[in-house]
Amino acid sequence: MSGQPKRLMVMAGGTGGHVFPGLAVAHHLMAQGWQVRWLGTADRMEADLVPKHGIDIDFIRISGLRGKGVKALLAAPLRIFNAWRQARAIMKRFKPDVVLGMGGYVSGPGGLAAWSLGIPVALHEQNGIAGLTNQWLAKIATTVMQAFPGAFPNAEVVGNPVRTDVLALPLPQERLAGRDGPIRVLVVGGSQGLALIHRGRCRRMAV
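Numbering (numbering that gives the first Met the number 0), first residue to last: 0 to 206.
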């Protein structure tokens, strides 16, 4: 296998807060020669977004359990088992050197499938409070990383991955040199919960 490119499978889905940091990591490693595939679900944003970024994606069938009825909870073990089998089959075909869980429901059965195949599992938690999937996967992960201190007691603090097109923007000192008038501010957040951030920032800035 000498000379073969390293292979990464990114597991992320559901919200921009999981998907966009995953894309940043994927593009960075692809630029270094890695082969990258994505594990997601067919009915969430990653199904449309990830292929537009030139990354092949595989789907498993899994969804969240919060707010679901008793029937859904009773059926959960079978659904998780089926999703695990699907993820395991995908990974046996792709043979990743490592899988990276960025959060979302897809990371649960995907991480368990990787662990059962002896594939190293790396996790990244983007939030100050770890999501349920990452809390569970942290127990079997090879490496656990976090954006902010406190999400996990012993995880390495690495910040949130940022896309290269964002990093390429000129520094504020350059962009605002010689400018008069009010400064326009862009608030960047995930696809869920951003409205609350937006309203709170606007109220504070208007005072």
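Beta carbons are placed, not taken as given, at the ideal position from N, Cα and C, and that holds for glycine.
The distance from the Cβ of T14 to that of G103 is about 7 Å, consistent with a contact at the 8 Å cut-off. Using a 10 angstroms sphere on the CB of G53, the tally of other CB atoms stays under 16, which defines it as exposed. In the displayed model, H17 falls within a helix according to three-state DSSP. Put simply, of Q31, F147, Q172, W135 the residue whose alpha carbon is nearest the alpha carbon of W114 is W135. In the structure shown, G100 adopts extended strand secondary structure according to DSSP, grouped into three states.
Distances from the alpha-carbon of A88 to those of L38, L77, V49 put L38 closest. Straight through space, the alpha carbons of T141 and R78 are spaced by roughly 25 Å. Straight-line measurement puts the Cα of P20 at about 20 Å from the Cα of P108.
I56 is bridged by DSSP to W37. Considered as a whole, the segment 138-177 harbours 142-145 as its complete beta strand (DSSP E) runs of no fewer than 3 residues, in chain order. L116: not part of any beta strand (DSSP E); DSSP gives it neither H nor E.
E124 is bridged by DSSP to Q145.
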